[in-house]
Amino acid sequence: MKDFFLHSAFFGLAVSILCYQLGQYLQKKLKLGLFNPLLIAVCLIIGCLLIFKMDYPDYYQSAKYLSYLLTPATVCLAIPLYENIELLKKNLTAILLAVLAGVISSMGSVLALALLFHFTHEQYVTLLPKSITTAIGIDLSSELGGYVTISIASIIITGILGNIFAEKLCRWFHIKNPIAKGLAIGTAAHAIGTAKAFEMGEVEGAMSSLAIVVAGLMTVIGASLFAMFF
Numbered sequence: 163m164k165d166f167f168l169h170s171a172f173f174g175l176a177v178s179i180l181c182y183q184l185g186q187y188l189q190k191k192l193k194l195g196l197f198n199p200l201l202i203a204v205c206l207i208i209g210c211l212l213i214f215k216m217d218y219p220d221y222y223q224s225a226k227y228l229s230y231l232l233t234p235a236t237v238c239l240a241i242p243l244y245e246n247i248e249l250l251k252k253n254l255t256a257i258l259l260a261v262l263a264g265v266i267s268s269m270g271s272v273l274a275l276a277l278l279f280h281f282t283h284e285q286y287v288t289l290l291p292k293s294i295t296t297a298i299g300i301d302l303s304s305e306l307g308g309y310v311t312i313s314i315a316s317i318i319i320t321g322i323l324g325n326i327f328a329e330k331l332c333r334w335f336h337i338k339n340p341i342a343k344g345l346a347i348g349t350a351a352h353a354i355g356t357a358k359a360f361e362m363g364e365v366e367g368a369m370s371s372l373a374i375v376v377a378g379l380m381t382v383i384g385a386s387l388f389a390m391f392f
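Numbering (our numbering), first residue to last: 163 to 392.
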């Protein structure tokens, strides 16, 4: 019976959804940013794999259907952007410069860490896509010769940290402009951070959605250049 469930075509899918739902329940109940639903789900899923001694490839085989929803979910972020198109037109130059500054800061910090900790080239390029959405980061990491699974982990961790600390950081640094908040969150913490931006407001969410796309495109171009620096 145990083997039947573990090798079921939907075991991983069911476990992933249940763990995420439990994470959402804990966050609503405890009202603490640390109890991020995705973070809770990741920890619980790792625990399940260890308890049932299940290999990751077997889990992914039955959970991969969730990955198919990643691209359409990202595309749907264009809807609030369309609804705020006039705001985008009025601030286009400032928006592009802000996202560019965020992208350079992100990859520049990876370069600094690589120099400080003596990374190999493969380790260095693995972390370059850490602040862009997974759909783009996977292909970029593979193209640059990085470790794709580690890239995915770094992207998820970056997004979770952004989701947890975004609102606090905006408050600590007295960032009150909704456009600035959204652009900062989307550029630094991609889709997971954007979920927090939508909680903060419609404009923040729309600008964060825009930042995901623009930062992704800039990172694809910029990462190829930064890859030659180390």
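Beta carbons: idealized from backbone N, C-alpha and C, even for Gly.
Under the three-state DSSP convention, the category residue i falls into
| i | result |
| --- | --- |
| PRO340 | helix |
| SER229 | helix |
| VAL382 | helix |
| GLY367 | helix |
| PHE172 | coil |
| THR296 | helix |
| PHE214 | coil |
| MET362 | helix |
| THR356 | helix |
| GLY307 | coil |
| LEU196 | coil |
| PHE388 | helix |
| MET163 | Model confidence at MET163 stands at a pLDDT of 47, short of 50, so the residue's coordinates are unreliable; what they give is reported in the following sentence. In the structure shown, MET163 sits in coil (DSSP, three-state: anything other than H, G, I, E or B). |
Best match in the options for proximity to residue i [C-alpha to C-alpha]
| i | options | result |
| --- | --- | --- |
| GLU311 | ALA274, ILE207 and THR296 | Correcting the residue type first, residue 311 is Thr in the shown sequence and not Glu. The candidate whose alpha carbon is nearest that of THR311 is THR296. |
| THR288 | LEU201, PHE392 and LEU192 | PHE392 |
| LEU328 | SER313, GLY299 and GLY367 | Note that residue 328 corresponds to Ala in the displayed sequence, not to Leu. Of the listed residues, the one whose Cα sits closest to ALA328 is GLY367. |
| LEU259 | VAL382, ALA176 and LEU345 | LEU345 |
| THR320 | GLY209, LEU302, CYS332 and GLY348 | GLY348 |
| PRO291 | ALA176, LEU387, VAL382 and PRO199 | VAL382 |
| ILE298 | LEU232, LEU188, TYR227 and LYS215 | LEU232 |
| LEU331 | LEU302, ALA351 and ILE202 | ALA351 |
| LEU306 | CYS238, PHE173, TYR221 and SER386 | SER386 |
| ALA342 | SER371, ILE318, ILE354 and LEU323 | SER371 |
| SER303 | PHE388, LYS193 and LEU212 | PHE388 |
| ILE317 | TYR286, ASP217, ILE294 and SER267 | ILE294 |
| LEU200 | LEU212, TYR182, LYS191 and CYS210 | TYR182 |
| LEU323 | PRO219, LEU184 and LEU196 | LEU196 |
| ILE207 | LYS190, LYS193, LEU194 and LEU184 | LEU184 |
| ALA353 | GLY270, PHE173, ILE257 and CYS238 | CYS238 |
Residue interval of the alpha helix (DSSP H) (run including residue i)
| i | result |
| --- | --- |
| ALA256 | 254–279 |
| ASN325 | 310–334 |
| CYS238 | Premise fails: CYS238 is in no alpha helix (DSSP H) and is neither H nor E. |
| THR288 | 283–289 |
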